[in-house]
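Have a look at the structure below before the remarks.
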Amino acid sequence: MSAVLLIAIPILAAFISIIVKKWSPYMLLFVSFGLVILLGYLPFEIITIGGFSAPYGISLVVDNYSYTALYVVNVLFFLVAIINVCNYKKLGTILLVSLAGLNGLMLTGDLFNLFVFLEISGISAYIITTTNKKPLATFNYLVAGTVGSILYLLGLIILYNMFGTLNMQDMAVRIAASGATDIEVALPFLLMFIGIGVEAKLLPFNSWVKGILGHSNKLTGPMIAGVYAAASLFVFGRLLTEVFVISDTFMLIISVILAFSILAGEAMAYSSTKVREILLFSSIAQAGIAVLIFVSGFTGYAVLFISLNGFSKVVLFLIINHATEVVGSDEVIDLKGLFVNNKLVGASFTATVLSLLGLPLFAGFFVKMGILSQLFSSGDYVFPAIILLSSVVEGVYFVKLLTKLWYKEDNLPQVKFELPLVYLVVVISLLLVVFGLYFEPLHEQALVLVNHVKGVIL
Amino acid sequence: MLLYAAIILMMLGLYGILTQRNIIKIIISLNILEIGLNIFIISIGFVNGGVAPIFTGQNNLGSIGFVDPLPQALVLTAIVIGVGTTALGLALAKKIYAKYGTFEIDDMKGAE
Amino acid sequence: MASLEFLVIIALLGGVLAYLVGKLSKVVGASLTVLVSGFIFVSVAYFGLNGSLDASITYLPFVSFEATDLYLGTSFGILVTFIFFMVSFFNPYFVDKFKYPSLYSMFYLFSLAGVLGVFFTDDFLVLFFFFELVVWTSLFLIPLGKSKKAASWYYGFSAFGSFSLLFAIFVMRNTAGSFNINDGLSMVGGSDQILVFILLMVAAFAKLGAFPLHIWLPKVLGNSPDPVTSVFSGGLEKLGAFVAVMGLVKLAPVGPVIEAIDMALGQYLIAILGALTIVFGTLMAIRQDDAKKLIAYSSMSNGGYILVALTLLNDTSVSGALYHVLIHALASTAAFLAIGAVNRQTGTTKMSELGGMIHKMPVTYIVYLIAIISMAGIPPMGGFVSKWLIFQSVINEGMILIAIATFFGSIGSFLYVFRPLAALFLGQELPEFRKVIKEAPFFMLLPMIILSGLNIFTGVHPSVILQYINNVLAELGVTELGITTWTLSGNNGDLYPALIAVVFGVGVVIAFIIFIVLKKSRKVDLMDTYTAGNFVYTEELLHYSVDFYAPIERLYEKHINIMKDFYKGIAKKVQEFGSFVKYFFFTNKPEITVLWVVIVLGILLLWGDLL
Amino acid sequence: MIISILMGISVAFFGFVLQTSIAGVNRKIIGRVQKRYGPKWYQEFLDIFKLLSKRSVTHGWIFDFGVIMALGGIIATAMFMPITNDLMAFPGFDNFFIFVYLIAVGMLGMAMSASGSGNPLASIGVMRALTTMLAYEIPFMIIVLTIIKLTGHSSLSEIAMFQQTAVAGLEFSGTWFMIALPVGFAVAFLSLMGMLGKKPFETYIAPAEIASGPMVEYGGKQLGMLFIMHEITVFIEVSLFVHLFLGGAENIWIFLIKYFLVYTSVNLISNVNGRFKIDQVVVFFYKWPLLFAVMQAFVAIYLGWVI
Amino acid sequence: MESTKFSLLTKEEVDRKWWEIGDFFRRNSLWMLMYCTGCCAIELPPAMTSAYDMERLGMGPMATPRQADVLLVTGYLSLKTLRRLIYTYEQMSEPKYVVGIGSCTINGGIYHDSHAVINQLDQYIPVDVYVAGCMPNTEAVMNGFVDLMRLIKSKKANGWKKYHKNNEWYKKNQIDSLGEVRVKDEFHD
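Residue numbers (our numbering), protein chains in the order written: chain H, 4 to 461; chain V, 302 to 413; chain F, 16 to 626; chain X, 877 to 1183; chain W, 11 to 199.
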């Protein structure tokens, strides 16, 4: 039982489902559930495809980092799939292909292979977003995504030209050995940074996000904001920790981009009146924070942050998108008093928001404390200040949103949440509360990941 | 020399995407960008006086200056992916045309 | 041997239980809060006073308490739990008017748990954990009242305060290596110490509602439901005082010493800000028409007193500050409860709509009278002792500007506390309330009477409590206040509070004898007054309550909401910045991303040779 | 304890008798100033006892309780007042702040019963009284702050002793503060006129505007008791002024002379003045008196220039 | 036989003694209500100024009926003024005295045949002292006050007792001529 099955099974199921159209949704469910079970027995090893050793063949790396990433992405994928399987039947094959692409992204140890899986998951993402009925927005996404991956490929090729290898670990070793000055290495890394940055929603490169998530539905919202966001941030993390050598000028540009992305994200969320816009701008800010942590080198808490963020975004977007479908518009005024007569969903929405804000009794608090303590211990005072300031602004607009959603007397929006969604949402928010109170496992997971040193396979 | 051609093509592609308002023209400039990139990848593998990297009867020794085979393999996948994206782009263009009746982004009403 | 951790768990579980019971019947759920907070107060007070609170931890994962010689935490803890217990009597009566009654009881007990945690821990991270818990649980209590926007104002300011506290905690951890409070505060030095001082002061100002960060106080206290307002002004503001004590007393004075008044520059700036808080609080309180907003501004100005007293760092001032914390808690809670009782009967606290409440609610009137006597600092009540101590220290240091502010505050407090008394309770009895109103039920009167009894006790025999405060002074390393069983000795004079009360009693007896000996007067209806011969039949005409202090208000009418516009301006700036970025980065054109990619690439390429 | 309380009551009674008779004498002096004979010297006593003998009206229990509390508070304050160096009821406990704040009890009692009477004119009168108090109190307190800072004591008798004998150790002892702090004396004199409610600052008992302000609804014994309270308040404020600025008194005669001089001078000045509007009173006290008070305090405390 | 030197006074004797002492004080500090109805009021300022100096007798003006003892009715009384006068009279604290100045209060004076003025004040409220003269001289007014003092001394100035005793008579007269004393909306009827 090796990791390749994680990619092979979904691809195989995708082709079969083309032939047998009407079974594709059930096959989707069966495969994604199967993969989640399969993950239990995955050995930690490097699989070289076709026997060629590292620099020549493609290798799949299964270490602690990619194992956690796989777990999060597959579980999220499965949850989103269950909710949306009944009313998006014809997307079965596409979802299977995107599942394969995502698993490939997590596993691959080879840079060009990463480009290929990036494109596969990207194209399936474009197709998924066509369900938004906004073709122009999807077109933007397509153009942005393709340009991003082209730049990534360009950077990749320059690196290959300079160091002759495409394997991540090998590349890291060769860069260290060759003693290349940081300036020379800066251009390819910046190109790759921009390439992945488009997908990871960093500010200057994410103009497509507003179009896509602004008009998302119950499938594209959680999928893009939850699953794909988590996946792209994991990839970003792997690249930043494994391969990149960041010189001080390059670091300056990245930190300016990140700081701007965090603060501007919060400001935009503060200034928007549509609920979905508030959520998407706040997820832009959170993406900025995640990349910031990776750049400062604390993979442990970054992974926890991304997974928590992924789960919360799935919950938030599911609830809001469902409500928008029923009410017809996602303006805050129209959704006012949404939770008055569905209290359970409201309670879980509130719990998830509070965990995002990092308030005590919720898992978000522990992760935020971990991030801040590590940032402070590395003697950096500027970024914690930015993070704290942004969480104040974030707190204000989320509280404003919550009070509006909970308090309204007359003509409340008639929204009914069906059972599976309610169960999913309540389970996740309970998880957040449980991990908030008893966060020993989170602590160990963070410690295990912290000593995931560059180039060493655990 | 091939390198410079590739870079010029890529600049042309980028320029095309930046300035064109027509959906189809954007897709075409996207293709130009990809072709530029593929040529760039090919030019990386060039070895002066190299021979096509296929083992035949007379040149099966490692010492003969083979041209680097790896970029050519990469280009193959890159081209296929380029085709994939262009196909999806055209499908979207058809849908946009069906919805807005024009390819010009500027005069698409209600695009927001 | 009540263990603190056991109490915190009881509070949390009690909250959940209150929620569940609340689902069945609102009133039972709310009365559960009375039982739980009562139990917690009794155990904290009983075990805390004879120092036998055990701090062992079995269940809560990373929490660490410490209760042995922690007098500061115990005194604050007992005070705030007492306020929670007293106010909880009001819950059953008010809970049926709330939109989410069971949630109210749950969050009420959660904030109690948070408060308990803050005062009894010696570890900064645990302090911040409970600090934030209090913030967000009390946050959801506010919208149950009139205004929803108040909650976001409250969260904005207290989040700003608690995050600056967090920043200070981590800065201290860098030097001290561990999260221990005492090491952290003592070992931090140099430029870090200034940074920590500023941040702690920002946290204290945000929570206390002092001058620069005071906008949320009247909005929140004015609009939230009555029990919540009393808990806020009596209990939750004391968190700010607790952080202020940490920042001003435990932390060594910051900045160069000004030799004229031998005070550190940092302390002097805080004293100036405290003085400004007093003046602005008083000025704004004088012109309020809503009684709750008026008392809210009064607690803001009393917060200013506490800050001024804490910065002077001699025996009378710090003991005066701590005693004032106690007095202000008791007096303002009693005042808020009294106004709450009126609000429950009439439905409004606007003074222009009320009048003559004394005829139907005499006990509430007496409670309010005793509360304002203490708030104005008039002798028989506790307020006089604490204000006397603060004046002793201010005069001893010879700081003229701050003395002006304190005198203005104490006389101004007499003015604005009298306004509700005259406009709300006395004056003509308005006809629409005459039939409807009846005295508050017994269980609402009970806490009010207890609080007024305490107000009197703290005024007549203060040395009992001042004795305990001396232990706190010893713990803080400040020289102790000279107390004998009955008299206090300040810097330049002694005070015999019991004697004043006795003499006042004697005076009243003499006046009563004069009154009784003479002929009995003829009882006349209120409407039969001297109206220069005109016949007046409507009560509203003869009730003077609108624009009570018109001559003073006219002086500063034009520039009242400078600070409010300042903060609204900031909010607008953030909004503009957001829409500006949105305009630039999120148009619906595909080439935007490519444009920014090219720009970033250009910057890096040109970086090398340009800079 | 009982003896000192009896002593206190006798001090209060002495204060009442002294002030009432001096007030009668003053009415005679004012009469003479206006070229008429003026009433008998004991006219004030006659007025008070006439009022006590009349049967008047009450508006409810708060109306009466307020009057009792007012008179009781003022009697209590008077009991603390030292007459001469050794003639005082409670040696060592006659702190300055007790006087300032116990007078506030009297004020509160009267204000409470006035508003309880239900007459709008009374409430307006009370509002004006409190506003004027806010105005004249601040400069007075600043000057007293300087005195307490210079003498190091806040009890009246010590301050008086400080001014009488020149003690070697203490720097400014021996000279009356009237001479030592001339500007302070002038400001305090103005605030004393405000405290006594004499003509320029008589806005709260303005008979023409608000029909004698708070006293609108009082008649008979309530008014009589308020008159007694007014007399004792004047006694407290004037003797406070005497102790703070004129160096107290070694024996009773000096006290009587100083007391008479101060009260008569205030009365004479007040009789030639018209009446301020209420806004003018507040603005007046916050312009020059406050400025001079702060200047005097700054000069005296920090620069030490005391004559 | 009991000793005559010191006999225990009965209750009424004690009261009477107190009343006499009270009369001494009431006599020597008469406060008049500044309520001038007609033209004879012009005589009062000279009585207060230095020429005649009313203060000498212990008299002084007071602002409200609650505080005043003497009600000076100076000059003619129209129906509207009479209503206010009666309302003010009832607001005064006992024992109270009324001094009718000018002939208009005695028999209507020069307006005796006018439709709007009452002729005899005595019908409506008890009057203790009259000062005759169509605008009596200030001396006459002062003399009236001294007469009032003498009446108080000899316990004859008990107009207020008469008002209590035969109250119905006074009320009937008032209703006859005025319709009703406490009118609701006088200016529009």
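Here a beta-carbon is modelled for each residue, glycine too, at the ideal position from N, C-alpha and C.
Out of H:20, H:192 and H:77, state which residue places its alpha-carbon closest to the alpha-carbon of residue 615 of chain F. On the third sequence, residue 615 of chain F is found 600 positions in, with the first residue counted as 1. Nearest C-alpha to residue 615 of chain F: H:192.
Under the three-state reduction of DSSP, which class applies to residue 68 of chain F: helix, strand or coil? Here residue 68 of chain F refers to the residue found at position 53 of the third sequence. Looking at residue 68 of chain F - three-state DSSP - the assignment turns out to be coil, as it is neither helix nor strand.
Helix, strand or coil: which one does DSSP assign to residue 366 of chain H? For the purposes of this step, residue 366 of chain H is taken as the residue at position 363 of the first sequence. Residue 366 of chain H: helix per DSSP, three-state reduction.
Using a beta-carbon distance cut-off of less than 7 Å, what residues from the segment 498 to 524 of chain F approach chain X? Residues passing the 7 Å Cβ filter: 507, 508, 509, 510, 511, 514, 515, 518, 519, 521, 522 and 523.
Three or more C-beta pairs below 8 Å linking the segment 918 to 929 of chain X and the segment 1100 to 1112 of chain X: yes
Can you look up residue 158 of chain F in the DSSP assignment and give me helix, strand or coil? Here residue 158 of chain F corresponds to residue number 143 of the third sequence, with the count starting at 1. In the structure shown, residue 158 of chain F falls within a helical segment according to DSSP collapsed to helix, strand and coil.
Is the beta carbon of residue 1097 of chain X sitting closer than 8 Å to the one on residue 978 of chain X? Taking the fourth sequence and counting its residues from 1, one reaches residue 1097 of chain X at position 221. Taking the fourth sequence and counting its residues from 1, one reaches residue 978 of chain X at position 102. Taking the C-beta atoms as reference points, residue 978 of chain X is found no nearer than 8 Å to residue 1097 of chain X.
Residue 19 of chain F versus residue 279 of chain F - alpha carbon distance: By one-based count along the third sequence, residue 19 of chain F stands at place 4. By one-based count along the third sequence, residue 279 of chain F stands at place 264. Each residue's Cα considered, the two are about 37 Å apart.
Contact residues within the segment 363 to 386 of chain H, judged by C-beta distance below 8 Å to chain F: 363, 364, 368, 372, 375, 376, 379, 380, 382 and 384
In chain order, which continuous runs of the alpha helix (DSSP H) of length 4 or greater are located wholly inside the segment 321 to 368 of chain F? 330 to 361
When the cut-off is 8 Å and only beta carbons count, does residue 97 of chain W lie next to chain F? Mapped onto the fifth sequence, residue 97 of chain W falls at position 87. Put simply, the CB of residue 97 of chain W is near chain F, with a gap under 8 Å to one of its CB atoms.
Where does residue 930 of chain X sit, in a helix, a strand or coil, going by DSSP? The residue you call residue 930 of chain X lines up with position 54 of the fourth sequence. If DSSP states are grouped into helix, strand and coil, residue 930 of chain X belongs with coil.
Can you pull the chain X neighbours of residue 713 of chain F, defined as C-beta to C-beta under 7 Å? Since the displayed chain F opens at 16 and closes at 626, residue 713 of chain F lies outside it and no answer follows.
Unbroken stretches of the beta strand (DSSP E), 3 residues or longer, contained in the segment 135 to 187 of chain W: You should have 139 to 141.
Using C-beta distances below 7 Å, list every residue in its chain close to residue 169 of chain F, excluding the 5 sequence neighbours before and after it, in chain order. To locate residue 169 of chain F, count along the third sequence from 1; it is residue 154. Correct list, in chain order: 154, 157, 231 and 235.
Give every residue of the same chain whose Cβ lies closer than 7 Å to the Cβ of residue 38 of chain W, excluding the five residues on either side of it in the sequence, and list them in chain order. Stepping through the fifth sequence from its first residue, residue 38 of chain W is reached at position 28. 68.
Test: residue 1000 of chain X CB closer than 8 Å to a CB of chain F: Here residue 1000 of chain X corresponds to residue number 124 of the fourth sequence, with the count starting at 1. By this cut-off, residue 1000 of chain X is an interface position.
Among H:254, H:422 and H:103, which residue has its Cα nearest to the Cα of residue 13 of chain H? Translated into positions along the first sequence, residue 13 of chain H becomes position 10. Residue H:103 is the option with its Cα nearest to residue 13 of chain H.
Buried or exposed, going by whether 16 or more other CB atoms sit within 10 Å of the CB of residue 405 of chain V? For the purposes of this step, residue 405 of chain V is taken as the residue at position 104 of the second sequence. That one is exposed.
What number of angstroms, rounded off, separates the C-alpha of residue 111 of chain F from the C-alpha of residue 67 of chain H? Residue 111 of chain F sits at position 96 when you count from the first residue of the third sequence. Residue 67 of chain H sits at position 64 when you count from the first residue of the first sequence. Approximately 54 Å between the Cα atoms of the pair.
According to a CB-to-CB cut-off of less than 8 Å, which residues of the segment 440 to 460 of chain F neighbour chain W? none
Report, in whole angstroms, the separation of the C-beta atoms of residue 118 of chain W and residue 85 of chain W, which I expect to be a contact under 8 Å. Reading the fifth sequence from its first residue, position 108 is the one you call residue 118 of chain W. Reading the fifth sequence from its first residue, position 75 is the one you call residue 85 of chain W. With a Cβ gap of about 11 Å, residue 118 of chain W and residue 85 of chain W do not count as contacting.
Simplified DSSP state of residue 284 of chain F, which is helix, strand or coil: By one-based count along the third sequence, residue 284 of chain F stands at place 269. Helix, per DSSP.
Can you tell which of X:1111, X:991, X:948 and X:959 has the C-alpha that lies nearest to the C-alpha of residue 1090 of chain X? Taking the fourth sequence and counting its residues from 1, one reaches residue 1090 of chain X at position 214. For residue 1090 of chain X, the nearest C-alpha among the options comes from X:991.
Quick check on residue 995 of chain X - is its C-beta less than 8 Å from some C-beta in chain F? The sequence position of residue 995 of chain X within the fourth sequence is 119, counting from 1. True, the Cβ-Cβ gap to chain F drops below 8 Å.
Just curious, the alpha helix (DSSP H) that residue 41 of chain W is in, first and last residue? Stepping through the fifth sequence from its first residue, residue 41 of chain W is reached at position 31. For residue 41 of chain W, there is no enclosing alpha helix (DSSP H); the enclosing beta strand (DSSP E) has its first and last residue at 41 to 43.
Can you find the residues in the same chain that come closer than 6 Å, C-beta to C-beta, to residue 459 of chain H, ignoring five residues on each side of it along the sequence? Indexing the first sequence from 1 puts residue 459 of chain H at position 456. Residue confidence is low: residue 459 of chain H scores 44 on pLDDT, short of 50, so the model does not pin down where it sits. Its coordinate-derived value is still stated next. Excluding sequence neighbours, residue 459 of chain H sits near nothing in its chain.
How about residue 406 of chain F: is its C-beta nearer than 8 Å to some C-beta of chain W? The residue labelled residue 406 of chain F in the question sits at position 391 within the third sequence. No - not a single Cβ of chain W is within 8 Å of the one on residue 406 of chain F.
Terminal residues of the beta strand (DSSP E) in which residue 13 of chain H lies: On the first sequence, residue 13 of chain H is found 10 positions in, with the first residue counted as 1. Taken as a continuous stretch (DSSP letters only), residue 13 of chain H belongs to no beta strand (DSSP E), being part of the alpha helix (DSSP H) at 7 to 22.
Are the C-beta of residue 166 of chain F and some C-beta of chain H separated by less than 8 Å? Working through the third sequence from its first residue, we reach residue 166 of chain F at position 151. For residue 166 of chain F, the answer is yes, since a Cβ of chain H falls inside 8 Å of its Cβ.
If you check the beta carbons only, do residue 125 of chain H and residue 31 of chain H fall under 8 Å apart? Your numbering for residue 125 of chain H matches position 122 in the first sequence. Your numbering for residue 31 of chain H matches position 28 in the first sequence. Cβ atoms of residue 125 of chain H and residue 31 of chain H: not closer than 8 Å.
Nearest candidate by alpha-carbon position, reference residue 509 of chain H, set H:138, H:42, H:435 and H:132: Examination of residue 509 of chain H is not possible in this model, given that chain H is present from 4 through 461 alone.
Whole-angstrom distance between residue 1022 of chain X and residue 1177 of chain X, CA atom to CA atom: Sequence index remark: in the fourth sequence, residue 1177 of chain X carries index 301 (1-based). Sequence index remark: in the fourth sequence, residue 1022 of chain X carries index 146 (1-based). Distance between the alpha carbons of residue 1177 of chain X and residue 1022 of chain X: 7 Å.
Rounded to the nearest angstrom, what separates residue 447 of chain F and residue 936 of chain X at their Cα positions? Counting from one through the third sequence, the residue named residue 447 of chain F turns up at place 432. Counting from one through the fourth sequence, the residue named residue 936 of chain X turns up at place 60. Near 20 Å, if we compare the C-alpha coordinates of residue 936 of chain X and residue 447 of chain F.
Just to make sure I have the definition right: I need the residues of chain X whose C-beta is within less than 8 Å of the C-beta of residue 537 of chain F. Which are they? For the purposes of this step, residue 537 of chain F is identified with residue 522 of the third sequence, where counting begins at 1. The answer, in chain order, is 931, 932, 933 and 934.
Give the straight-line distance between the Cα atoms of residue 289 of chain F and residue 493 of chain F, rounded to the nearest whole angstrom. Within the third sequence, numbered from 1, the residue matching residue 289 of chain F stands at position 274. Within the third sequence, numbered from 1, the residue matching residue 493 of chain F stands at position 478. So the alpha carbons of these two residues sit roughly 21 Å apart.
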